[in-house]
Amino acid sequence: MIVDASTLLDEVRRAFESTPSGRELGLLDAEIKDSTLRVRFAGASDDTAGPYGARIPVPRDAADPLWTRWDPTTGLEEWVMYAVVQAVAEEYLTGGVERGVRSADDGVVWLALDN
Numbered sequence: 026m027i028v029d030a031s032t033l034l035d036e037v038r039r040a041f042e043s044t045p046s047g048r049e050l051g052l053l054d055a056e057i058k059d060s061t062l063r064v065r066f067a068g069a070s071d072d073t074a075g076p077y078g079a080r081i082p083v084p085r086d087a088a089d090p091l092w093t094r095w096d097p098t099t100g101l102e103e104w105v106m107y108a109v110v111q112a113v114a115e116e117y118l119t120g121g122v123e124r125g126v127r128s129a130d131d132g133v134v135w136l137a138l139d140n
């Protein structure tokens with residue numbers, strides 16, 4: 026991975042707490058499993074259909090297309106903002122809930138991000 030797991034998770038939590046779109050989503054938790062960042066969130070305050078989730082592949086290094094696609098000039102903070110928070114918010118707000126699939130295991134509606 027491009028950074029160690031704890032650094033990435035700390036930045037994800039910070040981004041969700043410090044941005045309007047992140048706060049609106051209401052991060053419940055974040056974890057890394059098999060080089061994939063998994064975020065779970067509540068959704069808007071008037072949305073009772075959640076919880077929701079998204080899976081975001083974590084870049085291996087700075088040459089990985091998962092990293093370069095977003096061209097983060099300022100590093101991890103910018104990548105998390107665009108590849109995670111904004112991508113999840115955009116999918117959630119533009120009909121991604123209807124395209125998502127509710128997991129029978131955990132009840133989470135997993136959004137289908139185009140990564």
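Using my numbering, read the sequence shown as starting at 26 and increasing by one per residue. All residues carry an ideal CB built from backbone N, CA and C; glycine is no exception.
- DSSP, reduced to helix, strand and coil, places Thr93 within a helical segment of the structure shown.
- The shortest CA-to-CA distance from Ala30 to any of Ala129, Pro84 and Asp139 is the one to Pro84.
- Per DSSP, the unbroken beta strand (DSSP E) holding Ala55 starts and ends at Leu52 to Lys58.
- Cβ contact annotation for Arg127 (same chain, cutoff 6 Å, sequence separation greater than five): Val134, in chain order.
- Per the Cβ contact rule, the region 95–105 is not in contact with the region 113–132 (fewer than 3 Cβ pairs under 8 Å).
- For a cut-off of 8 Å, the C-beta gap from Leu136 to Ala74 is around 12 Å, too long to register as a contact.
- Ranking Leu50, Val122, Thr61 and Leu34 by CA distance to the CA of Leu91 puts Thr61 first.
- Annotated three-state conformation of Arg48 is helix, per DSSP.
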